[in-house]
Amino acid sequence: MSLLMYLAPLYAALHAKINDWVFVIIALNGFPYWKANQVGVTLLMSTGLDVLHRETGLSEMINHLPLVIAGISATTTYLLVTLMPGPIAETGDILTADVLVAFAFFGGMQIARATLAPFRGGMCTIYVLMAREPKLIMENHGKIWSRLEELKPAIAEALLKRQS
81 MSLLMYLAPL YAALHAKIND WVFVIIALNG FPYWKANQVG VTLLMSTGLD
131 VLHRETGLSE MINHLPLVIA GISATTTYLL VTLMPGPIAE TGDILTADVL
181 VAFAFFGGMQ IARATLAPFR GGMCTIYVLM AREPKLIMEN HGKIWSRLEE
231 LKPAIAEALL KRQS
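For the sequence shown, my numbering begins at 81 and goes up steadily by one.
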């Protein structure tokens, strides 16, 4: 269990280095990964949408919810193994319990990540399309645009300046 506590921050640090919107740019333009990464960073940093992406609660929830679910899954498995030991108590093999907890942690994390992937993809697609064509977002999704102007007027201004 203590090993899992050391691996969770490493997983979060690696996840922070992976660019979320690269795959949207690959799908739209057909660029190779590293070129799409460079284009995505330039596009979203020039408009300020990378800050908005990091600051939103939805983005943080999607990033950290798999770790929470993995922790709950590992804790539940640990409690089940220790409270109702069954064959583990008969053999006295503690390593089996640790392996089960590790599988529960990583399995729970991957199931949660797979479940949240469509939401992450939709959110990244909206950000990339907003950076590329802000007037279309303004015309077709006025509520989103007016809310952006209320919350972050500098970003809305930067988007419109970049468009013209």
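Note that CB positions come from ideal geometry on N, CA and C, so glycine has one too. Values in this document were obtained by computation on a predicted structure and should not be read as measured data.
| Check | Outcome |
| --- | --- |
| Cβ-Cβ distance between P146 and M189 below 8 Å | yes |
| Cβ-based burial, T195 [other Cβ within 10 Å; buried from 16] | exposed |
| Alpha carbon of E219 to alpha carbon of M164, nearest angstrom | 60 Å |
| Three-state class that DSSP yields for E213 in the structure shown | coil |
| Distance CB(A236)-CB(F185) smaller than 8 Å | no |
| Per-residue DSSP class, three states only, for D130 | helix |
| P198 classed as buried or exposed, judged by whether at least 16 other C-beta atoms fall within 10 angstroms | exposed |
| Status (buried if at least 16 other CB within 10 Å, exposed otherwise) for W114 | exposed |
| Proximity of P214 and L240 at Cβ, strictly below 8 Å | yes |
| Distance between I142 and V131 (C-alpha atoms, nearest Å) | 16 Å |
| Local conformation of F103 per DSSP, three classes | helix |
| Whole-number beta carbon distance between A192 and A150, since they are thought to touch under 8 Å | 7 Å |
| First through last residue of the alpha helix (DSSP H) which encompasses P112 | Looking at the DSSP string, P112 is not in any alpha helix (DSSP H), and its letter there is neither H nor E. |
| Anticipated Cβ contact below 8 Å, L180 with T157, distance rounded | 6 Å |
| V121 vs F111 beta-carbon contact at 8 Å | no |
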